[in-house]
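Chemist: Sharing a structure below in structure tokens format, with a few things to ask.
Protein chains in written order, with this note's numbering: chain A, 82 to 187; chain B, 11 to 87.
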């Protein structure tokens with residue numbers, strides 16, 4: 082089956098809309114394929130929030146449509162309530178300041 | 011390859027009144043920027059980082075002089 086870019090965009094936007102805490106990463110939470118993605122997974126686990134994750138590696142177009150929508154060039158990208166929170170640096174800073182927990186709880 | 015001082019000057023130009031320190035984290039292409047600016051007041055971290063990235067966007071990314079820019083922002087008081 083041929084998947085069009087439009088279908089990928091719909092899937093990405095649906096994921097952001099449907100999951101309150103949504104992580105786009107390289108690999109899956111059980112097996113991250115990049116240190117930055119792994120760090121965000123570990124932080125989300127430490128905070129104890131439920132979240133959904135999408136692996137961007139299977140198709141390069143996932144990352145292209147995601148970055149086009151979010152305006153953020155790198156992976157991982159964490160969304161809460163439909164809004165981009167940030168990548169690894171920002172998520173780490175919010176976690177260390179104790180602000181991530183209230184953000185994902187809100 | 012732009013120097014750390016040149017990178018800092020670009021960010022300061024984009025954010026008038028800011029204080030910027032840029033350090034080389036290795037190899038001259040992995041940089042760390044500490045930016046204290048009045049413009050950050052009331053903005054989310056993602057908005058603050060986007061402003062800093064925007065100042066050096068033309069130098070950032072694959073095939074460009076800066077491979078990675080780690081950013082730490084503070085609102086100046």
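Note that the Cβ used here is the ideal one computed from N, Cα and C, for glycine as well.
Remember, it's a predicted structure, so these values are computed and weren't measured experimentally.
#1: Counting pairs of Cβ atoms below 8 angstroms between the region 84 to 98 of chain A and the region 113 to 132 of chain A, do you hit three or more?
#2: Between the alpha carbons of residue 78 (chain B) and residue 27 (chain B), how many angstroms are there, rounded?
#3: Do you know how far the Cα of residue 65 (chain B) is from the Cα of residue 182 (chain A)?
#4: Which residues of chain B have a Cβ atom closer than 7 angstroms to the Cβ of residue 80 (chain A), listed in chain order?
#5: Confirm, please, whether the CB-CB distance from residue 84 (chain B) to residue 46 (chain B) is below 8 angstroms.
#6: To which residues does DSSP link residue 113 (chain A) through a beta bridge?
#7: Ignoring anything shorter than 4 residues, give me the alpha helix (DSSP H) runs that lie fully in the region 112 to 187 of chain A, in order along the chain.
#8: Between A:110, A:163, A:157, A:167, which lies nearest to residue 143 (chain A) when the distance is taken from Cα to Cα?
#9: Tell me, please, whether the CB atom of residue 195 (chain A) is closer than 8 angstroms to any CB atom in chain B?
#10: For the 8 angstroms Cβ check, are there 3 or more pairs between the region 120 to 128 of chain A and the region 136 to 155 of chain A?
Modeler: Let me spell this out:
#1: no
#2: If you number the second chain from 1, residue 78 (chain B) lands on position 68. If you number the second chain from 1, residue 27 (chain B) lands on position 17. Computed Cα separation, rounded: 25 angstroms.
#3: Position 101 of the first chain, counted from the start, is the residue given in the question as residue 182 (chain A). Position 55 of the second chain, counted from the start, is the residue given in the question as residue 65 (chain B). Between residue 182 (chain A) and residue 65 (chain B), the C-alpha separation is close to 31 angstroms.
#4: As shown, chain A starts at 82 and ends at 187. That puts residue 80 (chain A) outside it, with no answer to give.
#5: Working through the second chain from its first residue, we reach residue 46 (chain B) at position 36. Working through the second chain from its first residue, we reach residue 84 (chain B) at position 74. Taking 8 angstroms as the Cβ cut-off, residue 46 (chain B) and residue 84 (chain B) qualify as a contacting pair.
#6: Counting from 1 along the first chain, the entry for residue 113 (chain A) is found at position 32. Answer is A:108, bridged to residue 113 (chain A).
#7: 116 to 128, 141 to 151, 169 to 177, 180 to 186
#8: Counted from its first residue, the first chain places residue 143 (chain A) at position 62. It is A:157.
#9: Residue 195 (chain A) lies beyond the range of chain A shown here (82 to 187); nothing can be said about it.
#10: no
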